[in-house]
Amino acid sequence: MTEMLWNSVAQFFERNDVQVAALHLEAHLRAQKSERFSTLADLRFRNDPNDVLAYVNEFIAECSSFFNVESVYLEMNGFDINFDRWYFDLFAYTEYVNDPDDLDWLCEWSSPDWEPLTLIGMEEIQEEFRWYMENEAWRQKEHKATEEIATLLVMVRFVQLVSEALQSGPLTKPVPVLATAHDFDILARFTP
Numbered sequence: 014m015t016e017m018l019w020n021s022v023a024q025f026f027e028r029n030d031v032q033v034a035a036l037h038l039e040a041h042l043r044a045q046k047s048e049r050f051s052t053l054a055d056l057r058f059r060n061d062p063n064d065v066l067a068y069v070n071e072f073i074a075e076c077s078s079f080f081n082v083e084s085v086y087l088e089m090n091g092f093d094i095n096f097d098r099w100y101f102d103l104f105a106y107t108e109y110v111n112d113p114d115d116l117d118w119l120c121e122w123s124s125p126d127w128e129p130l131t132l133i134g135m136e137e138i139q140e141e142f143r144w145y146m147e148n149e150a151w152r153q154k155e156h157k158a159t160e161e162i163a164t165l166l167v168m169v170r171f172v173q174l175v176s177e178a179l180q181s182g183p184l185t186k187p188v189p190v191l192a193t194a195h196d197f198d199i200l201a202r203f204t205p
């Protein structure tokens with residue numbers, strides 16, 4: 014089931030159907046026997062999209078004073094093992110590679126270190142991931158399946174926040190913005 018869900022989310026992202034990806038995962042999460050992570054179906058990050066956009070624009074403006082920014086990548090931290098703080102990092106590039114099979118170029122950013130932005134509103138789910146890891150719940154089939162769906166949905170919730178931020182106003186420079194979470198090979202691409 015997990016590979017099927019990953020593939021379906023990737024296909025939704027390729028069609029820019031972030032909301033449909035979320036609805037799809039919410040339905041799968043609600044159908045699980047385990048009650049763990051169940052509230053995630055109704056939770057979202059509470060960061061103000063306007064504030065997120067302002068932070069991304071500040072980053073682009075600063076980077077633009079050093080090089081020609083051609084794309085930006087936003088990456089949520091490895092949230093499933095980092096329970097204390099969820100955040101995202103920002104990376105800027107002098108190129109944009111529009112090939113879904115080539116993600117290696119994302120390792121070659123040009124931007125300086127930038128303070129990550131803390132994500133708020135999912136603290137309850139952060140505690141669910143803590144419980145899952147500390148109690149070795151992956152050993153129980155019903156919890157493992159639920160956690161895998163929740164992991165995908167948290168990443169999609171982050172991408173939803175990025176989408177809402179980009180819809181809230183213009184970028185300082187209209188460049189492609191890519192978003193996902195650490196160690197994910199499913200990537201949302203928002204192009205101007």
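Taking my numbering, the leading residue of the sequence shown gets 14, the next gets one more, and so forth. Backbone N, C-alpha and C fix where the C-beta goes; we use that ideal spot for every residue, glycine too.
Residues of its chain near residue i, where Cβ-Cβ distance is below 6 Å and the 5 sequence neighbours each way are ignored
i: Tyr86; result: Phe104, Leu119, Leu191
i: Trp127; result: Phe72, Leu103
i: Arg43; result: Ala54
i: Ala163; result: Phe50, Leu53
Residue i to residue j span [Cα, whole Å]
i: Pro183; j: Asn148; result: 45 Å
i: Ser123; j: Leu179; result: 22 Å
i: Phe101; j: Lys46; result: 31 Å
i: Gln173; j: Leu36; result: 11 Å
i: Pro189; j: Asn81; result: 13 Å
i: Arg49; j: Glu161; result: 11 Å
i: Glu177; j: Arg152; result: 37 Å
Range of the contiguous alpha helix (DSSP H) that encloses residue i
i: Asp64; result: 62-77
Beta-carbon proximity list for residue i, same chain, < 8 Å, skipping 5 on both sides
i: Asn70; result: Leu184, Thr185
i: Ala194; result: Glu88, Met89, Asn90, Gly91, Phe92, Val167, Met168, Phe171
i: Glu27; result: Pro113
i: Val33; result: Phe25
i: Asn63; result: Ala178, Ser181, Gly182
Own chain partners of residue i with C-beta closer than 7 Å, once the 5 adjacent residues on each side are dropped
i: Gln139; result: Phe96, Trp99
Contact with chain B by residue i, beta-carbon distance below 8 Å
i: Trp19; result: The structure shown contains no chain B; it is built from a single protein chain.
### Query
Fully enclosed by the stretch 118-198, which beta strand (DSSP E) runs are 3 residues long or longer?
190-194
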